[in-house]
Amino acid sequence: MSSALNSLRVLDLTRLLPGPYCTMLLADYGAEVIKIEDTNLGDYARAGEPKVGEDSAFFHSLNRNKKSICLDLKSEQGKAIFLKLVEKVDVVVESFRPGVMDKLGVGYEELKKINPSLIYCAVTGYGQTGPYAKQPGHDLNYISYAGLLELFGERNRKPTVPPVPIADLGGGALLATVGILMALFERERSGKGQFIDISMMDGALSWLQLNLPDYLTANIPSKRGELQLSGKNAFYEVYETKDGRFLSVGAVEPKFWKEFCRVIEREDLIQKQYAPIQIQDQMKVEIQAIISTKTQKEWVEVFSNVEACVSPLNSFEDLESDPQIIERELFQTFNDPELGEVKLISPPIKMSETPGTIRELAPKSGQHTNCILAEHGYSSEKIEELRNQRVIR
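Residue 870 in my numbering sits at position 372 of the sequence shown, and the numbers go up by one each step.
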């Protein structure tokens, strides 16, 4: 079976999460992704526990289906090797602060001279321009600047740090992937490559589609804990069950709310669906008292044939036995000849003709250095010489 991105070649200079998640998606759907690591630490996501072989489970999850070459880009010979690789690739993805690649002599302006059709994607915290461009940062900083973190949490309490890095993944990795694919589509028409400037802060701000337009149009601010779909209403809330577990109620539409109230035998609440916030608070107390009378399993059974948008909160321990997750094959067990069975998160995009696949585990550091250089005309003697000079590893 063919893959959607079979002929695509990508040089990946990224580390940790945002860039590697982007290139993981490309690799899962057939792209040849060559991970370029330095000759010292390389991608420090390799460290950490638990380990799968020599590297962390986190690293294996993000870097399956990729190749690895270790290269010293600060050396003239290392730079020459990189430029030679660039001649035959479609995409370069990097996540250094603005100006770092230019300082090394391998920025976009230099690379497009030798490969005018190159797609170059830079994933950074704040983008290539602006007063924050060269500041350090992490996901928490990006969503803070974007106005997103201000909305997380309960009313009259401090903002809550989200458990998933929204800017890294949603604002960075996913938008980088979309940008690369759009640039490749455009290249089919024009034959030209281009520079893609991905700012994780910009991407996080773009997620505020439910809230920010009201402010931009009518100067209506959003307040933490007072948003319709984030803490204000009783119909969109999490309730604790008798056994200390939880139930999610997402009965947004009146028809779902009506069914929910009917099942909990509180039809008097139907007309109060959009009541003022003080009444919502009281409704939550009353609903919580009802939900506390049964276990999570009992409530799931009660609502099993009712269209009320009620679901259990799955813990990680629940995921592998969830029938929807099983049916959708959201986990895969990869059988590696050296490491044995390794469980991984499956490629998320379902395609009927060119599905994503996990073909091999993440590469060892520098595992493909020899074969990649040989493909580009380097003799075994020259490769050994470069290794002795610590240009490669």
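All residues carry an ideal CB built from backbone N, CA and C; glycine is no exception. Keep in mind that this is a model prediction, so the values were computed, not measured.
In terms of residues, what are the limits of the beta strand (DSSP E) holding residue i?
i: Lys-564; result: 564–568
i: Asn-639; result: First-last for Asn-639: 637–643, but that is the alpha helix (DSSP H), not the beta strand (DSSP E).
i: Leu-745; result: 744–748
i: Asp-834; result: 829–834
i: Val-736; result: 734–738
Which word fits residue i, buried or exposed, when buried means at least 16 other C-beta atoms lie within 10 angstroms of its C-beta?
i: Met-849; result: exposed
i: His-558; result: buried
i: Thr-831; result: exposed
i: Leu-727; result: exposed
i: Pro-711; result: exposed
i: Asp-700; result: buried
i: Ile-612; result: exposed
i: Asn-561; result: buried
i: Ala-644; result: buried
i: Asn-709; result: buried
i: Val-804; result: exposed
i: Ser-500; result: exposed
i: Thr-715; result: exposed
i: Val-589; result: buried
i: Glu-476; result: Given that the chain is displayed from residue 499 to residue 891, the structure contains no residue 476 and the question cannot be resolved.
i: Asp-566; result: For the record, residue 566 in the displayed sequence is Ser; it is not Asp. Burial call: buried.
i: Val-550; result: buried
Tell me the residue span of the alpha helix (DSSP H) that contains residue i.
i: Glu-883; result: 878–886
In terms of alpha-carbon separation, which member of the options lies closest to residue i?
i: Cys-759; options: Phe-744, Lys-740, Gln-786; result: Gln-786
i: Ser-863; options: Ile-534, Val-804, Leu-514, Ala-529; result: Ile-534
i: Glu-547; options: Leu-539, Phe-556, Gly-540, Ser-746; result: Phe-556
i: Lys-632; options: Ser-697, Phe-832, Ile-777; result: Ser-697
i: Leu-679; options: Leu-515, Ser-500, Ala-529; result: Ala-529
i: Glu-652; options: Asn-833, Ile-789, Gly-723; result: Gly-723
i: Glu-784; options: Ala-732, Glu-805, Ala-806, Asp-541; result: Ala-732
i: Asp-553; options: Leu-884, Gly-875, Leu-837; result: Leu-837
i: Asp-510; options: Gly-742, Ile-617, Ser-704, Phe-744; result: Ile-617
i: Tyr-876; options: Leu-859, Ala-578, Gly-540; result: Ala-578
i: Ile-823; options: Asn-803, Pro-846, Leu-649, Pro-518; result: Pro-846
i: Asp-766; options: Trp-755, Ile-775, Gln-776, Pro-774; result: Trp-755
i: Leu-581; options: Lys-564, Pro-614, Arg-595; result: Pro-614
i: Thr-748; options: Cys-807, Tyr-772, Asp-695, Gly-742; result: According to the sequence provided, residue 748 is Gly. The question's Thr does not apply to it. Cα-wise, what sits closest to Gly-748 is Cys-807.
i: Pro-660; options: Gly-628, Val-676, Arg-685, Asn-639; result: Asn-639
i: Tyr-624; options: Leu-609, Lys-610, Ser-642; result: Ser-642
i: Leu-673; options: Cys-619, Met-781, Val-604; result: Cys-619
i: Ala-502; options: Thr-855, Thr-658, Phe-594; result: Thr-855
i: Thr-521; options: Glu-607, Ser-593, Ile-789, Gln-776; result: Ser-593
i: Lys-656; options: Leu-514, Thr-627, Val-761, Leu-647; result: Leu-647
i: Ile-532; options: Glu-684, Pro-663, Phe-693, Gly-517; result: Gly-517
i: Val-676; options: Glu-839, Arg-764, Val-591, Leu-583; result: Val-591
i: Val-889; options: Val-750, Leu-506, Asn-538; result: Asn-538
i: Gly-576; options: Pro-596, Val-604, Lys-586; result: Val-604
i: Arg-507; options: Arg-513, Asp-526, Thr-852; result: Asp-526
i: Lys-730; options: Phe-650, Glu-851, Glu-738, Tyr-630; result: Phe-650
i: Ser-790; options: Ile-762, Leu-523, Glu-873, Thr-739; result: Thr-739
i: Lys-586; options: Glu-873, Asp-820, Gln-707; result: Glu-873
i: Asp-536; options: Ser-878, Glu-882, Thr-867; result: Thr-867
Secondary structure at residue i, three-state DSSP: helix, strand or coil?
i: Phe-650; result: coil
i: Ile-847; result: coil
i: Ile-890; result: strand
i: Gln-865; result: coil
i: Asn-561; result: helix
i: Leu-511; result: coil
i: Glu-858; result: coil
i: Gly-669; result: helix
i: Glu-839; result: strand
i: Glu-966; result: This structure cannot speak to residue 966, because the chain is shown only from 499 to 891.
i: Lys-633; result: Correcting the residue identity first, residue 633 is Gln in this sequence and not Lys. Note: Gln-633 maps to coil in three-state DSSP.
i: Glu-751; result: coil
i: Pro-660; result: coil
i: Ala-502; result: coil
i: Thr-892; result: In the structure as shown, the chain begins at 499 and stops at 891. Residue 892 is therefore absent and cannot be evaluated.
i: Pro-853; result: coil
Restricting to runs no shorter than 4 residues, where is the alpha helix (DSSP H) found entirely within the stretch 568–625?
574–584, 598–602, 606–612
Can you check the stretch 518–559 for any beta strand (DSSP E) of at least 3 residues that lies completely inside it and give the ranges in chain order?
530–535
If you scan the stretch 677–731 from start to end, which runs of the beta strand (DSSP E) of 3 or more residues do you find wholly inside it?
As far as the stretch 677–731 is concerned, its whole beta strand (DSSP E) runs of at least 3 residues are 692–697.
Please give me, in chain order, every unbroken run of the alpha helix (DSSP H) with length at least 4 that falls completely inside the stretch 756–820.
Runs found: 775–789, 794–800, 814–817.
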